[in-house]
Amino acid sequence: AGSIRKKPCLRQLPDYWDKYKGLRHKPQYEVETSVSSEELAQVTQRLTTFPASFHIHPKVGKLLEQRAEMGTGKRPVDYGMAEALAFG
39 AGSIRKKPCL
49 RQLPDYWDKY
59 KGLRHKPQYE
69 VETSVSSEEL
79 AQVTQRLTTF
89 PASFHIHPKV
99 GKLLEQRAEM
109 GTGKRPVDYG
119 MAEALAFG
């Protein structure tokens, strides 16, 4: 593989992108998005339990066990669990 000989040239965006550029921060648009650890524990419980009569695939069962551990802090939360908690 050859080396790069030419540096890329950074240019300004065309004018039609002006409305997409960041604006000044407005505190009135801030909203509270956090939830308590108790609420996350409840959501985790609901996400990781299933009826005893339901036959669950072993791999799915393992995933649910891992997610239950994530909800209790025994394991770091992965992206999938974070998404599930957000929708939970």
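Take any residue in the sequence shown, count from 1 to its spot, add 38: that is its number in my numbering. Backbone N, C-alpha and C define an ideal beta-carbon position, used for all residues, glycine too. Model, not experiment: these values are computed from the prediction.
Give the range of the alpha helix (DSSP H) segment to which residue i is assigned.
i       : result
Phe-125 : 117–125
Taking the CB atoms as reference points, tell me whether residue i and residue j lie closer together than 8 Å.
i       : j       : result
Gly-118 : Leu-78  : no
Leu-85  : Gly-111 : no
Arg-113 : Glu-121 : no
Using CA atoms only, rank isn't needed, just tell me which of the options is closest to residue i.
i       : options                            : result
Arg-105 : Ser-91, Tyr-67, Pro-89 and Gln-80  : Gln-80
Leu-123 : Tyr-54, Ser-74 and Arg-43          : Ser-74
Thr-82  : Leu-101, Arg-62, Lys-57 and Asp-53 : Leu-101
Quiz item: Which runs of the alpha helix (DSSP H) fall wholly inside the stretch 81–122 and span at least 4 residues, in chain order?
Solution: 96–110
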